[in-house]
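Residue numbers (this note's numbering), protein chains in the order written: chain A, 716 to 856; chain B, 716 to 856.
Cβ coordinates follow ideal geometry from the N, Cα and C atoms, glycine included.
So the structure is just underneath, and the comments pick up after that.
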């Protein structure tokens, strides 16, 4: 059995400078490493990488990669009021609003913003999921 | 500035039973919640969700979602020998090998396996990235 773990999420990018603006100016995250091909951001025990499309395809030995892909990454916030504020910042940094913030069936508040490479981020306030001091989420606590 | 955090990764699924087999029998991860539409797995401070495609599209208000998407999720292991062993388990549980394990330019060992919904997992041993006791990864340490 493998330990239950994700180590990195790597997002293909068509234009790393535009992507960088979204993550640095929109989320306010600082790269821990960057060159012309890849940028790394240290998150809560997980590294986010944005990687030039051609290099990602070569590394994966993928035929063709498509967008938007059938996935979303969620960033949960601690206070309900942070959802719309962050979505506004992300849109101002080159993101595209997919769904304005509203209440999902389980309660709370969430909206979706696509990054400049069409990768979907859900920005959510979910009172049913605890966020600890390190920013980690625990299911149903 | 938003805290540097990913809370959930949600992967669209065309067949949750096949997907479940890959994560439960392949990785050996136990769901913390499941119904006909969604399955949650608690990982290192991040939750992995597999969500029926139609429900994900409705939640995101997405037009069309495509696969394979331009992204990969990495699961790093602690010992080099674990890479091929885990890839074998994943292939036996319905995964498809995209790239057999070999050494990337930075050293170590990595391969890629697609889950039954064509989402790419990189299985990697990277001696340059430390994995702490909680399974978290720290860049360049």
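CB contact below 7 Å: residue i versus chain A
i	result
residue 734 of chain B	no
residue 765 of chain B	no
residue 758 of chain B	yes
residue 829 of chain B	no
residue 840 of chain B	no
residue 753 of chain B	no
residue 776 of chain B	yes
residue 818 of chain B	no
residue 851 of chain B	yes
residue 806 of chain B	no
residue 785 of chain B	yes
residue 769 of chain B	no
residue 845 of chain B	no
Residues sharing a beta bridge with residue i, DSSP
i	result
residue 728 of chain B	B/767
residue 848 of chain B	In DSSP, residue 848 of chain B forms no bridge with anything.
residue 829 of chain A	A/811, A/835
residue 746 of chain A	A/756
residue 784 of chain A	B/781
residue 740 of chain A	Per DSSP, none; premise fails for residue 740 of chain A.
residue 789 of chain A	A/837, B/723
residue 877 of chain B	Lying outside 716 to 856, the shown extent of chain B, residue 877 of chain B is not represented and no answer is given.
residue 805 of chain B	According to DSSP, which records beta bridges pairwise, residue 805 of chain B is partnered with nothing at all.
Within-7 Å CB hit, residue i to chain B
i	result
residue 721 of chain A	yes
residue 781 of chain A	yes
residue 737 of chain A	no
residue 744 of chain A	yes
residue 814 of chain A	yes
residue 821 of chain A	no
residue 727 of chain A	yes
residue 809 of chain A	no
residue 717 of chain A	yes
residue 791 of chain A	yes
residue 730 of chain A	no
residue 800 of chain A	no
Cβ-heavy atom distance, residue i to the ligand NAD, below 6 Å
i	result
residue 839 of chain B	With respect to the ligand NAD, the structure offers nothing, as it holds no ligand at all.
Where residue i falls, given that 16 or more other Cβ within 10 Å makes a residue buried
i	result
residue 819 of chain B	exposed
residue 853 of chain A	exposed
residue 774 of chain A	buried
residue 832 of chain B	buried
residue 809 of chain A	buried
residue 798 of chain A	buried
residue 785 of chain A	buried
residue 777 of chain A	buried
Same chain only: Cβ atoms within 8 Å of residue i, ignoring 5 sequence neighbours per side
i	result
residue 760 of chain B	849, 851
residue 788 of chain A	724, 834, 835, 836, 837
residue 822 of chain A	841, 842, 843
residue 750 of chain B	none
residue 745 of chain A	739, 756
residue 764 of chain A	723, 724, 725, 726, 753, 754, 755, 756
residue 721 of chain B	761
Contacts around residue i, its chain only, beta-carbon distance under 7 Å, and the 5 residues preceding and following it disregarded
i	result
residue 846 of chain A	791, 793, 852
residue 804 of chain A	741
residue 802 of chain B	812, 816, 826, 828, 838
residue 782 of chain A	832, 833
Any chain D beta carbon closer than 7 Å to residue i
i	result
residue 794 of chain A	Given the protein chain composition of this structure (A and B), no chain D is represented.
Sequence-distant residues of its chain with Cβ nearer than 6 Å to residue i (five each side left out)
i	result
residue 752 of chain A	767, 770
residue 747 of chain B	755, 757
residue 736 of chain B	808, 809
Inter-stretch contact (C-beta, 8 Å, three-pair minimum) for the segment 730 to 740 of chain B and the segment 817 to 837 of chain A: no
Do three or more CB pairs link the segment 767 to 775 of chain A to the segment 806 to 819 of chain A at distances below 8 Å? no
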